[in-house]
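FYI, in this note's numbering the residues of the sequence shown are 951 to 1072.
Here a beta-carbon is modelled for each residue, glycine too, at the ideal position from N, C-alpha and C.
See structure below.
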Amino acid sequence: MLRCRRLPRLLLLIAAVVSIGAVGACATDDVPEVPVAADGSVDPVLVDGRRIYIDRCANCHGNDGGGGRGTKLSDGLMTRRYPDIDEQARIVADGVRAMPAFDEVLDAAQILAVVRYTREVL
(Lines of atoms letter the chains of each structure in order from A and count residues from 1; the text may use other names and numbers.)
(Lines give C-alpha, C1' and ligand atoms only; values in the text may rest on other atoms or scores of the structure.)
Protein backbone atom coordinates (compact mmCIF):
# COMPACT_ATOMS: atom_id res chain seq x y z
CA MET A 1 0.00 0.00 0.00
CA LEU A 2 2.81 2.40 0.85
CA ARG A 3 4.40 1.76 -2.54
CA CYS A 4 1.23 2.83 -4.38
CA ARG A 5 1.25 6.19 -2.61
CA ARG A 6 4.83 6.93 -3.62
CA LEU A 7 4.36 6.17 -7.31
CA PRO A 8 2.14 9.22 -8.10
CA ARG A 9 4.53 11.48 -6.22
CA LEU A 10 7.48 10.06 -8.12
CA LEU A 11 5.68 10.51 -11.44
CA LEU A 12 4.81 14.09 -10.49
CA LEU A 13 8.43 14.79 -9.60
CA ILE A 14 9.65 13.33 -12.88
CA ALA A 15 7.08 15.39 -14.82
CA ALA A 16 8.17 18.55 -13.01
CA VAL A 17 11.86 17.93 -13.78
CA VAL A 18 11.11 17.27 -17.46
CA SER A 19 8.95 20.41 -17.67
CA ILE A 20 11.61 22.59 -16.09
CA GLY A 21 14.18 21.19 -18.51
CA ALA A 22 11.92 21.92 -21.47
CA VAL A 23 11.35 25.49 -20.33
CA GLY A 24 15.09 26.00 -19.91
CA ALA A 25 15.76 24.62 -23.37
CA CYS A 26 13.21 26.97 -24.90
CA ALA A 27 14.50 29.98 -22.99
CA THR A 28 17.18 30.65 -25.59
CA ASP A 29 14.59 30.78 -28.38
CA ASP A 30 13.99 34.46 -27.73
CA VAL A 31 17.68 35.39 -27.92
CA PRO A 32 17.98 37.27 -31.23
CA GLU A 33 19.58 35.31 -34.04
CA VAL A 34 22.52 36.64 -36.00
CA PRO A 35 21.18 38.20 -39.22
CA VAL A 36 21.81 36.36 -42.46
CA ALA A 37 23.59 38.36 -45.15
CA ALA A 38 22.20 38.70 -48.67
CA ASP A 39 24.51 35.90 -49.83
CA GLY A 40 23.12 33.54 -47.15
CA SER A 41 26.17 33.69 -44.90
CA VAL A 42 26.38 34.67 -41.26
CA ASP A 43 29.27 36.35 -39.48
CA PRO A 44 30.95 33.57 -37.45
CA VAL A 45 32.19 36.09 -34.86
CA LEU A 46 28.60 37.19 -34.18
CA VAL A 47 27.49 33.55 -33.97
CA ASP A 48 30.19 32.97 -31.35
CA GLY A 49 29.15 36.19 -29.59
CA ARG A 50 25.54 34.98 -29.44
CA ARG A 51 26.61 31.69 -27.88
CA ILE A 52 28.71 33.51 -25.29
CA TYR A 53 25.86 35.93 -24.61
CA ILE A 54 23.48 33.02 -23.95
CA ASP A 55 26.01 31.29 -21.67
CA ARG A 56 27.36 34.29 -19.77
CA CYS A 57 25.15 37.38 -20.15
CA ALA A 58 21.48 36.65 -20.81
CA ASN A 59 20.80 35.59 -17.23
CA CYS A 60 21.35 39.16 -16.01
CA HIS A 61 20.86 41.30 -19.11
CA GLY A 62 17.83 39.44 -20.48
CA ASN A 63 17.59 37.16 -23.48
CA ASP A 64 16.81 40.09 -25.76
CA GLY A 65 19.15 42.52 -23.99
CA GLY A 66 16.19 44.30 -22.40
CA GLY A 67 17.79 44.32 -18.96
CA GLY A 68 16.81 42.79 -15.67
CA ARG A 69 19.35 42.43 -12.91
CA GLY A 70 21.87 43.85 -15.37
CA THR A 71 21.87 46.95 -17.55
CA LYS A 72 19.75 47.13 -20.68
CA LEU A 73 21.94 46.32 -23.69
CA SER A 74 19.45 46.60 -26.53
CA ASP A 75 18.19 49.51 -28.63
CA GLY A 76 21.68 50.81 -29.43
CA LEU A 77 22.27 51.92 -25.85
CA MET A 78 25.77 50.45 -25.73
CA THR A 79 26.92 52.18 -28.91
CA ARG A 80 25.67 55.51 -27.57
CA ARG A 81 27.17 54.99 -24.13
CA TYR A 82 30.45 53.57 -25.47
CA PRO A 83 31.05 54.91 -29.00
CA ASP A 84 34.46 53.22 -28.97
CA ILE A 85 34.00 49.44 -28.98
CA ASP A 86 37.18 49.04 -26.95
CA GLU A 87 35.58 50.92 -24.03
CA GLN A 88 32.72 48.43 -23.90
CA ALA A 89 35.16 45.52 -24.21
CA ARG A 90 37.06 46.87 -21.18
CA ILE A 91 33.81 46.90 -19.16
CA VAL A 92 33.22 43.24 -20.02
CA ALA A 93 36.84 42.32 -19.28
CA ASP A 94 37.18 44.28 -16.02
CA GLY A 95 33.60 44.25 -14.74
CA VAL A 96 31.77 47.18 -13.20
CA ARG A 97 29.68 47.47 -10.02
CA ALA A 98 27.76 44.17 -9.67
CA MET A 99 28.91 42.84 -13.06
CA PRO A 100 31.80 40.41 -12.70
CA ALA A 101 35.02 40.65 -14.69
CA PHE A 102 35.21 38.17 -17.54
CA ASP A 103 38.90 38.51 -18.41
CA GLU A 104 39.68 35.31 -16.48
CA VAL A 105 37.04 33.20 -18.28
CA LEU A 106 36.93 34.70 -21.78
CA ASP A 107 39.84 35.52 -24.03
CA ALA A 108 40.10 38.82 -25.92
CA ALA A 109 38.52 37.39 -29.09
CA GLN A 110 35.54 36.04 -27.13
CA ILE A 111 35.06 39.36 -25.34
CA LEU A 112 35.13 41.19 -28.68
CA ALA A 113 32.64 38.66 -30.12
CA VAL A 114 30.09 39.17 -27.34
CA VAL A 115 30.56 42.95 -27.44
CA ARG A 116 29.97 42.97 -31.20
CA TYR A 117 26.87 40.83 -30.70
CA THR A 118 25.43 43.29 -28.17
CA ARG A 119 26.20 46.24 -30.45
CA GLU A 120 25.21 44.77 -33.81
CA VAL A 121 22.39 42.36 -33.03
CA LEU A 122 20.66 43.34 -29.80
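Taking just the CA atoms, how far does residue j sit from residue i?
i, j, result
"R1066", "P994", "11 Å"
"L1056", "A988", "31 Å"
"M1049", "H1011", "10 Å"
"V992", "I1002", "16 Å"
"D1036", "D1014", "22 Å"
"E983", "R1047", "29 Å"
"R1019", "D1005", "16 Å"
"E1070", "G1016", "15 Å"
"C1007", "R1031", "18 Å"
"Q1060", "V981", "18 Å"
"T1068", "L1027", "9 Å"
Residues in its own chain within less than 7 Å of residue i by CB, not counting five upstream and five downstream?
i, result
"P1033", "none"
"D1025", "none"
Looking at residue i: is its Cβ nearer than 8 Å to the Cβ of residue j?
i, j, result
"V1064", "G999", "yes"
"L1062", "A1039", "yes"
Excluding five sequence neighbours on each side, which residues of the same chain lie with their C-beta closer than 8 Å to the C-beta of residue i?
i, result
"K1022", "H1011, G1012, G1015 and G1016"
So, is the C-beta of residue i closer than 8 Å to a C-beta in chain E?
i, result
"R1006", "You won't find chain E in this structure, because it holds only one protein chain."
Please return the same chain residues whose Cβ sits closer than 6 Å to the Cβ of residue i, not counting the five positions on each side in sequence.
i, result
"V986", "V992"
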